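First up is the structure itself, then whatever we jot down about it.
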Amino acid sequence: MNAHLQPTGSAYFITKETQDQERHTLSVLVDNEPGILARVVGLFSARGYNIESLTVSETEHGRRLSRITVVVIATPKTLTQIKLQLERLIPVHKVHDLTAEGASLERELALIKVAGSGDSRAETLRLADAFRAQIVDATVESFVFEVTGKPAKIDSFIALMQPLGLVEVVRTGLAAISRGPQGM
Amino acid sequence: MAEKMTGAEMVIQALIDQGVEHVFGYPGGAALPIYDAMFQQDTVQHILVRHEQGATHMAEGYARSTGKPGVVLVTSGPGATNAVTGLTDALMDSIPLICITAQVPTTLIGSDAFQECDTVGITRSCTKYNYLVKRIEDLPRIMHEAFLIATTGRPGPVVIDIPKDVQFALGDYYKPDLDTLRHQSYRPQMDGDAAAIEAAVDLMLKAERPIFYTGGGVINAGPAASEHLRELAELTGFPVTSTLMGLGAFPASNPQWMGMLGMHGTYEANLAMHDCDVMINIGARFDDRITGRIDAFSPGSRKIHVDIDPSSINKVVNVDIPIIGDCERVLSEMVRVWRSKTNQPRTEALAPWWKQIATWRAVNSLGYKNSETIIKPQYAIERLYQATKKQAKEVYITTEVGQHQMWAAQHFHFDQPNRWMTSGGLGTMGYGLPAAVGVQVAHPDALVIDIAGEASVQMTMQEMSTAVQYRLPVKIFILNNERMGMVRQWQDLLHGSRYAHSYSESLPDFVKLAEAYGGKGIRCSNPAELDAAIAEMLDYDGPVLFDCMVEKDENCLPMIPSGKPHNEIILPDTANLGDIIDEKGRQLV
Numbered sequence: 809m810n811a812h813l814q815p816t817g818s819a820y821f822i823t824k825e826t827q828d829q830e831r832h833t834l835s836v837l838v839d840n841e842p843g844i845l846a847r848v849v850g851l852f853s854a855r856g857y858n859i860e861s862l863t864v865s866e867t868e869h870g871r872r873l874s875r876i877t878v879v880v881i882a883t884p885k886t887l888t889q890i891k892l893q894l895e896r897l898i899p900v901h902k903v904h905d906l907t908a909e910g911a912s913l914e915r916e917l918a919l920i921k922v923a924g925s926g927d928s929r930a931e932t933l934r935l936a937d938a939f940r941a942q943i944v945d946a947t948v949e950s951f952v953f954e955v956t957g958k959p960a961k962i963d964s965f966i967a968l969m970q971p972l973g974l975v976e977v978v979r980t981g982l983a984a985i986s987r988g989p990q991g992m
Numbered sequence: 033m034a035e036k037m038t039g040a041e042m043v044i045q046a047l048i049d050q051g052v053e054h055v056f057g058y059p060g061g062a063a064l065p066i067y068d069a070m071f072q073q074d075t076v077q078h079i080l081v082r083h084e085q086g087a088t089h090m091a092e093g094y095a096r097s098t099g100k101p102g103v104v105l106v107t108s109g110p111g112a113t114n115a116v117t118g119l120t121d122a123l124m125d126s127i128p129l130i131c132i133t134a135q136v137p138t139t140l141i142g143s144d145a146f147q148e149c150d151t152v153g154i155t156r157s158c159t160k161y162n163y164l165v166k167r168i169e170d171l172p173r174i175m176h177e178a179f180l181i182a183t184t185g186r187p188g189p190v191v192i193d194i195p196k197d198v199q200f201a202l203g204d205y206y207k208p209d210l211d212t213l214r215h216q217s218y219r220p221q222m223d224g225d226a227a228a229i230e231a232a233v234d235l236m237l238k239a240e241r242p243i244f245y246t247g248g249g250v251i252n253a254g255p256a257a258s259e260h261l262r263e264l265a266e267l268t269g270f271p272v273t274s275t276l277m278g279l280g281a282f283p284a285s286n287p288q289w290m291g292m293l294g295m296h297g298t299y300e301a302n303l304a305m306h307d308c309d310v311m312i313n314i315g316a317r318f319d320d321r322i323t324g325r326i327d328a329f330s331p332g333s334r335k336i337h338v339d340i341d342p343s344s345i346n347k348v349v350n351v352d353i354p355i356i357g358d359c360e361r362v363l364s365e366m367v368r369v370w371r372s373k374t375n376q377p378r379t380e381a382l383a384p385w386w387k388q389i390a391t392w393r394a395v396n397s398l399g400y401k402n403s404e405t406i407i408k409p410q411y412a413i414e415r416l417y418q419a420t421k422k423q424a425k426e427v428y429i430t431t432e433v434g435q436h437q438m439w440a441a442q443h444f445h446f447d448q449p450n451r452w453m454t455s456g457g458l459g460t461m462g463y464g465l466p467a468a469v470g471v472q473v474a475h476p477d478a479l480v481i482d483i484a485g486e487a488s489v490q491m492t493m494q495e496m497s498t499a500v501q502y503r504l505p506v507k508i509f510i511l512n513n514e515r516m517g518m519v520r521q522w523q524d525l526l527h528g529s530r531y532a533h534s535y536s537e538s539l540p541d542f543v544k545l546a547e548a549y550g551g552k553g554i555r556c557s558n559p560a561e562l563d564a565a566i567a568e569m570l571d572y573d574g575p576v577l578f579d580c581m582v583e584k585d586e587n588c589l590p591m592i593p594s595g596k597p598h599n600e601i602i603l604p605d606t607a608n609l610g611d612i613i614d615e616k617g618r619q620l621v
C-alpha cells in the first residue's frame, strides 16, 4: 500500500503532550434545569475530556441550584480549559478545582452484596466491622453492606470481599467539599 | 404590564419589542400558529426562503452586516435539522442568531410523532444556548433572554424550541427586566483588567518589532472598536494584519496594513508574525489556519491577547498578557493609557522593523502571471474591485468557500467593517448566496456581491428564487473553473495529482439557469471583455448570475502548508507544488 494512502493519525498537527496527567476533583454549581447534565457531559465528550466520576444532585431547592462533582484526569493545560469551558455554559454559576485549591474532603458511598456460608461468612463480618460497614440487608446466605469513606477505602474493602463471595457493587461516585469556613 | 395573548402572538410581540424587522423562515405544520400570528401584523417582515439552511445563512449575512441579531423561524423535524449547518456556522464565527424552531405538541414529545426530532438535543452542541419551552408562563422570559444571550459576550446562535400547544396556549405577556431573568450566572466580562491593560501598553512601548493581529472580535464589538483600532495603530505606528474574519476593521488602503495573515495570507504578514517581538492579538483566537505549526509559531514574541471569551485564552497558544474583555472597551482603554504615557511616535525605534517589512513586501506575494487569452481568477476579482470602487453605493461582499474565497480575501480590499461576510470557522460551501440575500434585505440600496465558485454556489442555488421573489438585486459572481479548486490544489499538493471527484462533469448552463429563475445571466471568458461584462452586471437592476470562466488549474498562493511554520510559506513562483510537502505533512489538513 502506498504511504500516502495509509490512514492518518490526526487531521491536525498535534504537538506531543509533554505535561503529565493529574487527577482533579471539580465542583460545579449549576442552575437545576432540564438538560443541564447533558450539557456538561456533552461538553466533555465533544472536546475529548475524560470523566472519571460524576455525581449530581440538587443542593439548594429554593434557589434551584445543583452541584456537580466531577473527577477528571488531564494535563494542567487541559484542566484549565475544562474549567473555562464549563464556566462558558450559560447555566453554570461557578467552577472550583477542589484539588488545586487545597485541603478538601472526598467521600463516597457504596452498597456491596456478598454471598457465602460457613467460615467465609464469619470472616466477611469481621472485615465489615473493621471497615465500619453497616449491614443493610441480610439473608442466611448473603449480606448487603453500606460503606462510606474515601474512594481508596472502598476500593480496598471491595478487594477484600472479592474472594469471600462478592456478588455486586454499586457506588455513588464522589461527593467533595472544601475544608474550612469558606463556601463555593 | 401583563397582556393576555397566545404563545404565537407572544413570539411576534417579543420580536417587535426587540426591534426585529425581518425574519427568515419556512412554514410547516408545527409552526402554523406562529405563521398565523405573523400574517396578522405588518411590523415584522417575513422572508420566505427555499431551504432552512438558506434562512440561517441569510440571518448570518443580515447580522454580520448590521450588527443586529438575525432571526430565523422554521418548523419542527426537518425544518430544525436543516438549520443545523447554519447554526454551527454561526457558533464558529460568533454570529448572533435567534432561531425559533416549532416542535410537536408537548403531549407528543418522545412519541416519534410526525416531524418530531429532539431539536434541543441535536442543537445543544451547535448553539450558544438553547431552550425547549414547555410552559406558556416561561415564553416571554425565554424570548427576551435568548436575545440577551445571543447578542452579548461572545455572540452566537440561540435556539428556542416551541411546541405547538404552547403556541396556542393563552398566557400573560410581559417584557422582563434583566434582574428577573433565569440565568443570573450569565454576566460577560466587558471591561478589561486595568493592570493588564497597563502592562500591555508598557510592553508595546518597548517593542521593537510589534504587530497587531486582529480578528472577528473587533467587528463583533461594533464600529467603534474599529475606530479605536485605527486610532491605536496611528498612535503606535505598528503594522496591522488581520484574520479572514476581521477584514475591514482596519482599512486596506492604510500604509500600515499588511494584508491578511494565515494559510493564504501575505508573505509580509506571516513573516512579521513569525519574527515579531510583541504580538497584540485583538479579538482573534489563534485558529489553526493562522498559527500553522504551533511549536514553531512566532517563537520569539511576547504575546498580548484580548478576548471576551476567557476560554480562548491559552487554549491553543500560551500568552504573556491575557486581557478578558470587549474589544471596543479594551482598545479605547489602550488608547487612553498610551496617550497618558507618551505623545511621541516611536518612528525611529520602529524604523528597522518597517525596513524589514518593506523587503518582505517587495516579494509581492499576491502577484500572479496574467494572461491575454484566459481570465485569471485573481484578475477577475481585481477588475470587480475596481469596478465597485466607482459605484456610489455601499459595497458588501459575501463568499462561498474555497479558492475563490481566498482570492477574494487577498484581492478585494475593505476599508470599513461589516462589509465582508464569509464562512471562516466552519468553512461552509453554500454560505455566500443566501448570506448575500440576507445582506441585501438589510441594505436594499447597497451593492451586494457574492464572490462564488461554481461548486459551492450549487449547494444553495435555490435561494436565487428568494432573491427574485423579493426583488433583491444580488450579484452572484461565479469564478467558474469547473473544479473544486481548493480540493484540486490539495490533491496536487498532497496526493500526486490524483483528482478524486474534484471536478464537475455536468455543470448547469448558469446563464440559462439565471433566466429560469427569472434573473439575468451573463457569461464571460475573454479578459478583454471582462470590464464591460462586469459593468453590465452592476448596471442591471435585479439578481444576476455571472458565469466568469477562469483559468482551470490556477493555484491559490501564497500558502503555508499544514504542519509548516510561517517562514516556510510557498510563494507564487514556486515551481512544483507536489514536491513541497513531506510524508508527515500529508496527514494534515
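Top line first, the protein sequences correspond to chains A and B. For what it's worth, the working numbering labels the leading residue of the first sequence as 809, then goes sequentially. For what it's worth, the working numbering labels the leading residue of the second sequence as 33, then goes sequentially. Every residue gets a Cβ at the ideal spot worked out from N, C-alpha and C, and that includes glycine. Bear in mind the structure is a predicted one, so any value in this text is a computation, not a measurement.
- Query: Within 10 angstroms of its Cβ, does B:G248 collect 16 or more other Cβ (buried), or is it exposed?
  - Reply: Within the second sequence, the letter at position 216 stands for residue 248 of chain B. With 16 or more Cβ atoms within 10 Å of its Cβ, B:G248 is classed as buried.
- Task: Report buried or exposed for B:S403, applying the criterion of at least 16 other Cβ atoms within 10 angstroms of its Cβ.
- Result: Residue mapping note: residue 403 of chain B aligns to position 371 of the second sequence, counting from 1. Exposed: under 16 other Cβ atoms inside 10 Å.
- Message: My parser needs the alpha helix (DSSP H) runs of 4 or more residues fully inside the segment 481-547 of chain B; what are they?
- Response: 496-501, 517-526
- Item | Endpoints, the alpha helix (DSSP H) within which B:Q418 is located | For the purposes of this step, residue 418 of chain B is identified with residue 386 of the second sequence, where counting begins at 1. Start and end: 409-421.
- Query: Where DSSP assigns a beta bridge to B:H78, which residues make up the other side?
  - Reply: Translated into the one-based positions of the second sequence, residue 78 of chain B becomes position 46. In the DSSP output, where bridge partners are listed per residue, B:H78 has B:V55.
- Alpha-carbon spacing of A:K902 relative to B:D150, whole angstroms: Indexing the first sequence from 1 puts residue 902 of chain A at position 94. Indexing the second sequence from 1 puts residue 150 of chain B at position 118. Approximately 28 Å between the Cα atoms of the pair.
- Please confirm if A:E996 has its CB atom under 8 Å from at least one CB of chain B. Residue 996 of chain A cannot be examined here, being either before or after the span of chain A that is shown, 809 to 992.
- Chain-ordered neighbours of B:D125 on chain A, where CB pairs are closer than 7 Å: Residue 125 of chain B sits at position 93 when you count from the first residue of the second sequence. Here the premise fails: no neighbours, minimum Cβ distance about 17 Å.
- Residue burial classification, A:S976 (beta-carbon count within 10 angstroms, cutoff 16): One-based indexing of the first sequence puts residue 976 of chain A at position 168. Note on identity: in this sequence residue 976 of chain A is Glu, with Ser being the wrong assignment. Exposed, because fewer than 16 other Cβ atoms sit within 10 Å of the Cβ of A:E976.
- Query: Any C-beta of chain B sitting closer than 8 Å to the C-beta of A:Q829?
  - Reply: Stepping through the first sequence from its first residue, residue 829 of chain A is reached at position 21. It does not; no Cβ of chain B falls within 8 Å.
- Task: Pull up the CB-CB distance for B:N623 and B:R96, whole angstroms please, since I reckon it's below 8 Å.
- Result: Residue 623 of chain B is absent from the model: chain B starts at 33 and stops at 621.
- Message: For a minimum of 3 consecutive residues, which ranges assigned as the beta strand (DSSP E) are wholly contained in the segment 326-363 of chain B?
- Response: 334-339, 353-356
- Message: Going by DSSP in three states, B:V106 sits in which element: helix, strand or coil?
- Response: In the second sequence, the residue the question calls residue 106 of chain B occupies position 74. Strand at B:V106.
- Residues of the segment 332-349 of chain B with a CB closer than 9 Å to any CB of chain A: list them in chain order, please. D341, P342, S343, S344, I345, N346, K347
- Query: For B:F71, which three-state DSSP category applies?
  - Reply: Position 39 of the second sequence, counted from the start, is the residue given in the question as residue 71 of chain B. The answer is helix: DSSP assigns B:F71 an H, G or I state.
- Which same chain residues, not among the five before or five after B:D204, have their C-beta less than 6 Å away from its C-beta? The residue labelled residue 204 of chain B in the question sits at position 172 within the second sequence. The answer, listed in chain order, is A34.
- Query: At which residues does the beta strand (DSSP E) containing B:E35 begin and terminate?
  - Reply: Counting from 1 along the second sequence, the entry for residue 35 of chain B is found at position 3. That run of the beta strand (DSSP E) goes 35-38.
- Taking Cβ positions, are B:A62 and B:K196 nearer each other than 8 Å? Within the second sequence, residue 62 of chain B is the residue found at index 30, counting from 1. Within the second sequence, residue 196 of chain B is the residue found at index 164, counting from 1. In contact: B:A62 and B:K196 (Cβ atoms closer than 8 Å).
- Query: Which one of B:T88, B:D170, B:H527 has the shortest CA to CA distance from B:L56?
  - Reply: Taking the first residue of the second sequence as 1, we reach residue 56 of chain B at position 24. Per the sequence shown, the amino acid found at residue 56 of chain B is Phe instead of Leu. Residue B:T88 is the option with its Cα nearest to B:F56.
- Task: Assuming B:A230 contacts B:V369 (C-beta within less than 8 Å), just tell me the rounded distance between them.
- Result: Translated into the one-based positions of the second sequence, residue 230 of chain B becomes position 198. Translated into the one-based positions of the second sequence, residue 369 of chain B becomes position 337. Note that residue 230 of chain B is Glu in the sequence shown, not Ala. About 6 Å separates the two Cβ atoms, so the contact holds.
- Candidates A:L837, A:G924, A:V880: closest to A:F852 by CA position: In the first sequence, counting from the first residue as 1, residue 852 of chain A sits at position 44. The shortest C-alpha separation from A:F852 is found at A:V880.
- Mind listing which residues of the segment 135-157 of chain B have their C-beta closer than 9 Å to chain A's C-betas, in chain order? V152, G153, R156, S157
- Task: Compute the Euclidean distance between the alpha carbons of B:R219 and B:Y572, then round it to the nearest angstrom.
- Result: Within the second sequence, residue 219 of chain B is the residue found at index 187, counting from 1. Within the second sequence, residue 572 of chain B is the residue found at index 540, counting from 1. Looking at the two C-alpha atoms, the distance is approximately 48 Å.
- Item | Proximity to A:I773 [Cα-Cα], best of B:Y161, B:P128, B:I429 | This structure gives no information on residue 773 of chain A, because the portion of chain A shown stretches from 809 to 992.
- Item | Rounded Cβ spacing between A:G981 and A:E916 (contact assumed at less than 8 Å) | Here residue 981 of chain A refers to the residue found at position 173 when the first sequence is read from its first residue. Here residue 916 of chain A refers to the residue found at position 108 when the first sequence is read from its first residue. Right, their Cβ atoms sit about 7 Å apart.
- Terminal residues of the alpha helix (DSSP H) in which B:I389 lies: Translated into positions along the second sequence, residue 389 of chain B becomes position 357. From DSSP, the alpha helix (DSSP H) with B:I389 extends over 379-393.
- Query: Do the segment 476-485 of chain B and the segment 424-433 of chain B make contact, defined as three or more Cβ pairs closer than 8 Å?
  - Reply: yes
- Name the chain B residues that come within less than 9 Å of A:H904, Cβ to Cβ? As a position in the first sequence, residue 904 of chain A is number 96, starting the count at 1. Result: empty, since nearest Cβ-Cβ is about 14 Å, beyond 9 Å.
- Anyone know if the C-beta pair for A:T877 and A:T833 falls short of 8 Å? For the purposes of this step, residue 877 of chain A is taken as residue 69 along the first sequence, with counting starting at 1. For the purposes of this step, residue 833 of chain A is taken as residue 25 along the first sequence, with counting starting at 1. Yes, these two residues count as a Cβ contact at 8 Å.
- Task: Just mark B:D339 as buried or exposed, buried being the case when its beta carbon has 16 or more other beta carbons within 10 Å.
- Result: For the purposes of this step, residue 339 of chain B is taken as residue 307 along the second sequence, with counting starting at 1. Buried, since its Cβ has 16 or more Cβ neighbours within 10 Å.
- Item | Identified DSSP bridge partners for B:Y428 | Taking the first residue of the second sequence as position 1, residue 428 of chain B is located at position 396. Bridge partners of B:Y428: B:V480.
- Query: Looking only at its own chain, which residues have a Cβ that is under 8 Å from the Cβ of B:K584, when we skip the five neighbours before and after it?
  - Reply: The sequence position of residue 584 of chain B within the second sequence is 552, counting from 1. Answer for B:K584: N513, E514, R515, listed in chain order.
- Message: Per DSSP, what are the beta-bridge partners of B:Q135 in this structure?
- Response: Taking the second sequence and counting its residues from 1, the one referred to as residue 135 of chain B is at position 103. According to DSSP, B:Q135 bridges with B:P195.
- Can you grab the Cα-Cα spacing for the pair A:T932 / A:I890, in whole Å? By one-based count along the first sequence, residue 932 of chain A stands at place 124. By one-based count along the first sequence, residue 890 of chain A stands at place 82. Rounded to the nearest angstrom, the two C-alpha atoms are 42 Å apart.
- Task: With DSSP as the reference, label A:P971 as helix, strand or coil.
- Result: Locating residue 971 of chain A in the first sequence gives position 163, where the first residue counts as 1. Helix, per DSSP.
- Task: Could you pull the start and end residues of the beta strand (DSSP E) that B:H215 belongs to?
- Result: Stepping through the second sequence from its first residue, residue 215 of chain B is reached at position 183. No beta strand (DSSP E) contains B:H215, which DSSP labels as neither H nor E.
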